[in-house]
Amino acid sequence: MLDSGKTEAWLLNKYPKAHELTNDKQLYHFVQELKQRFMKSSGSISKVAYDDKLHVIHNALGLHTFVSRVQGKKLKAKNEIRVASMFRRVPEPMLRMILVHELAHLKEKEHNKAFYKLCQYMEPDYHQLEFELRVYLCHKERYGELWLS
1 MLDSGKTEAW LLNKYPKAHE LTNDKQLYHF VQELKQRFMK SSGSISKVAY
51 DDKLHVIHNA LGLHTFVSRV QGKKLKAKNE IRVASMFRRV PEPMLRMILV
101 HELAHLKEKE HNKAFYKLCQ YMEPDYHQLE FELRVYLCHK ERYGELWLS
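Read in order, the letters of the sequence shown are residues 1 to 149 in the UniProt record's numbering.
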C-alpha cells in the first residue's frame with residue numbers, strides 16, 4: 001500500500017479529520033474521563049501534556065512516568081503522561097489508543113498479556129488502531145502529514 005501510494009486515500013477515507021484536543025488542558029481532561037470510566041481505583045494522574053522532544057529523546061509515541069518524592073514525613077507519588085507533539089494532528093481514535101496504552105501502564109508496568117488485555121478492555125479496537133497508527137507513521141515518514149488542521 002505504501003509503495004503504491006494508496007495509504008493516504010485509505011487513511012483519509014477511514015479518518016477524514018484530526019481530533020480537536022490541541023492543548024494540554026484539553027488532553028488532561030480527556031485522559032481523566034478515560035481513567036474515570038475504566039480505571040477508577042488506579043493512582044491519580046498529576047499531569048498530561050504534549051511533549052515536543054518526546055520522539056527524539058525516547059523514540060516513543062507516548063511516555064508514562066512515576067515519580068516518588070519525600071515531602072516531610074510522607075512519600076508523594078506522581079503519575080504523568082506525555083504524548084509526542086506530532087499527535088496533535090491525528091484522528092481521535094489514534095490519540096485515544098496512545099492514551100489507553102499509557103493509562104494501562106498505571107496498573108501493568110510491563111507489556112505482558114494482562115497489559116494488552118487491559119488495553120483492549122479500554123479500547124476494543126486497540127490492536128487495529130495500533131496497526132493503523134503505524135501505517136500512518138510510515139506514510140508520514142515517506143510522504144508527510146495528512147491531517148494538517
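For glycine and all other residues, C-beta sits at the position ideal for the given N, C-alpha and C.
Same chain, Cβ closer than 6 Å to residue i, neighbours up to 5 away in sequence not counted
i, result
"LEU95", "HIS19 and PHE87"
"VAL100", "CYS119, MET122 and GLU123"
"MET1", "THR7"
"SER42", "LEU106 and LYS107"
Among the options, nearest to residue i - alpha-carbon criterion
i, options, result
"SER4", "TYR15, GLU145, HIS139 and GLY144", "HIS139"
"LYS78", "LYS47, GLU92, ASP52 and GLU102", "LYS47"
"LEU54", "MET39, GLU33, LYS74 and ILE81", "ILE81"
Own chain, CB closer than 7 Å to residue i, minus 5 neighbours either side, in chain order
i, result
"TYR50", "ASP24, LEU27, VAL83, SER85 and ARG88"
"VAL56", "Because the pLDDT at VAL56 is just 49, under 50, the model does not fix this residue reliably, and the value given afterwards should be weighed accordingly. Here the set comprises nothing."
"ARG142", "LEU2"
"HIS29", "none"
"LEU137", "none"
For residue i: DSSP bridge partner residues
i, result
"LYS144", "A small correction: the amino acid at residue 144 is Gly; Lys does not occupy that position in the sequence shown. Answer by DSSP bridge pairing: none, since GLY144 is not bridged."
"VAL90", "Beta-bridge pairing links VAL90 to no other residue."
"LYS47", "GLU80"
"VAL70", "LEU75"
Span of the alpha helix (DSSP H) around residue i
i, result
"ALA9", "7-14"
"GLN54", "In the sequence as displayed, the identity of residue 54 is Leu instead of Gln. Looking at the DSSP string, the run of the alpha helix (DSSP H) that includes LEU54 is 54-57."
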